[in-house]
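Q:
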Amino acid sequence: MANATRSRSAERLVDILVELHLNGVVNRSALMEKFKITERTVYRDLNALSPIVEHTGNGQYRLIHSPQAPSGQGLHHTIANFLNADNFFPERNADFWQQLETRVDDNHILILGNNAEHTVKMDIRRHLPNIEKSIKNCNVCQIVYKGKTRLINPYKLINKKNIWYLQATENSRLKSFSLSQISWFDIHSATFTPEESTLALLEKSPGPWASEDTFEVKIFINNNISHYFRRRNLLPEQELIAEQHSGTTLRCQAAHENQILPLIFYWLPDIQVLEPQWLKDKLLDTLEGYLAKETATLT
């Protein structure tokens, strides 16, 4: 009987340690409910782990010197959130983390992304400390961007498709500056007060094209490629308008013509701009200009 009791106690201790490593913390009341044991027994178990476990208040316990996220999650959860792992594995339960090392060793799952810019290591080394400092302290900054000197208020550093952007306001207008195009970054002693409207916009539209000034685009997609657009949103703020035998009509919101035109060029000739007319004209002018140059080289 004593051996059975010790065995159950050992199993609980192992379970508690696994939960601590996976979630960063354990809760005394939750342990009582999980194992169907008394508070006295929980205290005894946690006391047995006292050399490596500490009480942090409100019935919470964590590993001593264990790095903690603000939410109380473990370090691996923090890294996963930082890298936006939900895009690849939306559900990351205990079983996922327990099998992760084996999956990496087996190498039968491969996650691919866009190649990083050639200068990324130098860009991060040069600018990251100053950018983080200026964002945290709300310092006005002076940069040289594409050869032009600009005065900006920095808000956020983001990575989209493996390209780093600094999101900042210039003359009260939100813009995204490619890190590889910043040749000089200087922090001024002057500070600024972050605008609530800008913070809300960055929260609403995560990405380099965040802007209050957007325009609506209507697009028709031929049926032979429409499934690509139905299975995930390829267009910004994509919305289905109509489906018919010949194809699908979509509506989206764009902040700049360069946010939408490269996508259209990629899917030609099976995609058509319906509105606005000026964007349709820009598309046709670009194509005509390209064809004229190609024709000239052949004559």
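Residue numbers (numbering that gives the first Met the number 0): 0 to 298. Heads up, the beta-carbon is just placed ideally off N, CA and C, and yes, glycines get one too. Remember, it's a predicted structure, so these values are computed and weren't measured experimentally.
Ordered along the chain, which non-local residues of its own chain (more than five positions away) have a Cβ less than 6 angstroms from that of residue 267?
A: Answer for residue 267: no residue qualifies.
Q: Can you find at least 3 beta carbon pairs, one from the segment 213-230 and one from the segment 183-190, that sit closer than 8 angstroms?
A: No contact exists between the segment 213-230 and the segment 183-190.
Q: Roughly how far, in whole angstroms, is the beta-carbon of residue 149 from the beta-carbon of residue 169, given that I think they are within contact range, below 8 angstroms?
A: Residue 149 to residue 169, Cβ: 6 angstroms. Contact.
Q: Considering residue 288, what are the terminal residues of the alpha helix (DSSP H) in which it resides?
A: Start and end: 276-297.
Q: With a 10 Å radius around its C-beta and 16 neighbouring C-beta atoms as the bar for buried, classify residue 278 as buried or exposed.
A: When all chains shown are included, residue 278 counts as buried.
Q: My output table needs one value for residue 212: the three-state DSSP class, helix, strand or coil.
A: Coil at residue 212, not helix or strand.
Q: Do the CB positions of residue 134 and residue 159 come within less than 9 angstroms of each other?
A: No, the Cβ-Cβ distance between residue 134 and residue 159 is not below 9 angstroms.
Q: How is the beta strand (DSSP E) around residue 172 delimited, first residue to last?
A: Start and end: 172-177.
Q: Cutting at 6 angstroms between CB atoms, please list the residues of its own chain near residue 20, excluding the five before and the five after it.
A: The answer is none, since no qualifying residue turns up.
Q: Check whether the segment 217-226 touches the segment 244-252, taking contact to mean three or more Cβ pairs, one atom from each stretch, closer than 8 angstroms.
A: Output reads yes: the segment 244-252 touches the segment 217-226.
Q: Who does residue 24 pair with in a DSSP beta bridge?
A: Beta-bridge pairing links residue 24 to 61.
Q: Which residue wins for smallest C-alpha separation from residue 52, given the options 80, 17, 85, 82?
A: Here the closest residue by C-alpha is 17.
Q: CA-CA distance, residue 101 and residue 289?
A: So the alpha carbons of these two residues sit roughly 51 angstroms apart.
Q: Just the C-alpha distance for residue 337 and residue 164, rounded to the nearest angstrom, thanks.
A: Nothing can be reported for residue 337: it is not among the residues displayed for the chain, which extend from 0 to 298.
Q: Does DSSP put residue 263 in a helix, a strand or coil?
A: Reduced to three states, the DSSP call for residue 263 is helix.
Q: Quick one: what does DSSP say residue 185 is sitting in, helix, strand or coil?
A: Here residue 185 sits in strand by DSSP.
Q: At 4 residues or longer, what runs of the alpha helix (DSSP H) sit wholly inside the segment 119-156?
A: Fully enclosed alpha helix (DSSP H) runs of 4 or longer: 119-136.
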